[in-house]
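Residue numbers for the sequence shown follow the working numbering, so the first one is 1442 and each next one is one higher. The structure under discussion appears below in the form of structure tokens.
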Amino acid sequence: MIPLSLALAGCHVFDVVEIVCASDEACAEPPADADTDTDADTDADTDTDTDTDIVAPTSGWVISGANSSGSRVLVFNALGVQVAAWTELGDAAGPVAFDPAIGAAFLAADDALYRLSADGALKVARAEYPGVLDIAFADGFVYAATGDGVVTWNASDDTAEVAAFDAPVSGLVGVGRAPGASIYATDTDGGSPDLYQWSVGGGAPVVLHTDFDVSAARATIVFAGPDDQPYTCSAAGAFYSVADLAAGGSRHVAYYEGGLTDVSACAFDRGDGTWLLFSPSAGVIRLDMQSRAKVVLEPSSSYDLIRGGFY
């Protein structure tokens, strides 16, 4: 059992701020191509209106952070209030997910999964799975993209082991929540991304799109967006419809004009119709449909942000 320090609502490790641009200020740098990878974007400029109108959010976030003293996992609700924290995790830092129903977080690090709850931090080591690149939570199970394909773990059973999906998919780079009891997974075998969907409980994956974009770097983070359709975001902070990319389009539906290159998690908040992104250098940012931005979690001077996820 790893020592545990649990902090409930009211504790504050990372500063949560809202940055609202004044009417005579520019919210971002002049519009530019949403991505720096080698694609043929035809993106139109986004609205630079500086007033924000973000109300009734429902999606919170979980982050993994670390400094020289060790790592920690922090959970924030949709309003940016920290509601839980696990510290004294040693060097364990990596992809994270959170299940609000049981109040447990999940951390992937060093070829192992950790279940973080009020009872402590349980390590489930699976050395035969070479490297967990991404994890997602859906319908009581944690899903991980590994070097051996997608694996799953029963989130409510502390003694459960990881079991492999019966799916011949290699080169996985990400997993994300899909509509209903299912998940998305993306691979980049051959250089271009493919999109799969699995039903919770296993079985063969459904291939939704093959080679759906010319740029693997732009389309590895896939999640359920408006109308429960698959959307993706780039490391530069641009959001795209997968169906549009698969049809040869390249126009983004939203874009954070902050010069980012390290976005590693994205989501769509159905509560207020906003886009969410996580960047280790910029924190957590909300964008409305006109790409007007609000920073809801800034990086701390005390801890480095490592990975983030949304719930």
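In this text, a Cβ means the ideal position worked out from N, Cα and C, and glycines have one as well.
Once you ignore the five residues that flank residue i on each side, which residues in its own chain have a CB closer than 7 Å to its CB?
i	result
Met1730	Ala1695 and Gly1714
Ala1684	Gln1670
Arg1711	Thr1499
Asn1508	Ser1743, Tyr1744 and Asp1745
His1650	Asp1635, Leu1636, Val1683 and Ala1687
Phe1582	Thr1593, Trp1594, Asn1595, Ala1596 and Val1641
In the DSSP assignment, what residue or residues form a beta bridge with residue i?
i	result
Gln1523	Phe1517
Ser1640	Ser1623
Ser1512	Ala1507
Val1737	Answer is none; Val1737 lacks a bridge partner.
Arg1745	Rather than Arg, the amino acid found at residue 1745 in this sequence is Asp. The partner list for Asp1745 (beta bridge, DSSP) reads Ala1507.
Leu1557	Ala1546 and Ala1562
Tyr1584	Ala1577 and Thr1593
Leu1728	Trp1716 and Ala1734
Val1648	Tyr1637
Tyr1672	Phe1664 and Ser1682
Gly1615	Thr1627
Ala1538	Phe1547
Gly1531	Gly1531 is not bridged to any residue.
Phe1751	Trp1502
Skipping 5 residues on each side, what residues in its chain have a beta carbon closer than 6 Å to that of residue i?
i	result
Gly1615	Asp1575, Ala1586, Thr1627, Thr1661 and Ile1662
Phe1517	Gly1501, Trp1502 and Gln1523
Val1544	Residue identity check: residue 1544 is Gly in the sequence provided, not Val. Result list for Gly1544: empty, nothing under 6 Å.
Val1573	Ala1549, Ala1585 and Thr1587
Asp1652	Ser1633
Ala1463	At Ala1463, the pLDDT of 34 sits below 50, so the modelled position is not reliable; the number obtained from the coordinates is stated separately. No residues qualify anywhere along the chain.
Ala1525	Val1516
Here's the rule I'm using: 16 or more other beta-carbon atoms within 10 Å means buried, otherwise exposed. How should residue i be labelled?
i	result
Gly1700	exposed
Asp1669	exposed
Ile1726	buried
Ala1757	Residue numbering for the chain in the displayed model covers 1442 to 1752; residue 1757 lies beyond these limits and cannot be assessed.
Asp1532	exposed
Val1647	exposed
Thr1493	Model confidence at Thr1493 stands at a pLDDT of 47, short of 50, so the residue's coordinates are unreliable and nothing is read from them.
Thr1593	buried
Ser1691	buried
Thr1673	buried
Asp1635	buried
Ala1542	exposed
Thr1645	Before going further, note that residue 1645 is Ala rather than Thr in the sequence given. It counts as exposed.
Ala1677	buried
Ser1512	buried
Ala1596	buried
Asp1560	exposed
Thr1483	With a pLDDT of only 40 at Thr1483, under the threshold of 50, the placement of this residue in the model should not be trusted; the figure read from the coordinates follows. Classification of Thr1483: exposed, given that the 10 Å Cβ count is below 16.
Asp1703	exposed
His1682	Note on identity: in this sequence residue 1682 is Ser, with His being the wrong assignment. Buried.
Ala1577	buried
Thr1688	The question names Thr, yet the displayed sequence has Ala at residue 1688. So Ala1688 counts as exposed.
Ser1510	exposed
Between which residues of its own chain and residue i is the CB-CB distance below 8 Å, once the five residues before and five after are set aside?
i	result
Ala1579	Arg1618, Ala1619, Ala1622, Ser1623, Ile1624 and Val1641
Ala1665	Gly1617, Arg1618, Ala1619, Pro1620, Tyr1625, Pro1671, Tyr1672 and Phe1709
Arg1748	Ile1504, Ser1505, Ala1534, Gly1535, Pro1536, Val1537, Ser1705, Ala1706, Phe1719 and Pro1721
Pro1740	Phe1455, Pro1721, Ser1722, Ala1723, Gly1724 and Leu1746
Asp1488	The pLDDT assigned to Asp1488 is 44, lower than 50, so where the model puts this residue is not dependable; a value taken from the coordinates is nonetheless given after this. Excluding residues within five positions, the ones whose Cβ falls inside 8 Å are Gln1731, Ser1732 and Arg1733.
Under 8 Å, Cβ to Cβ, is there at least one residue of chain C near residue i?
i	result
Ser1558	Here there is only one protein chain, and chain C is not present.
Can you give, in chain order, each stretch of the beta strand (DSSP E) that sits fully within the region 1693-1720 and has at least 3 residues?
-> 1706-1710 and 1715-1720
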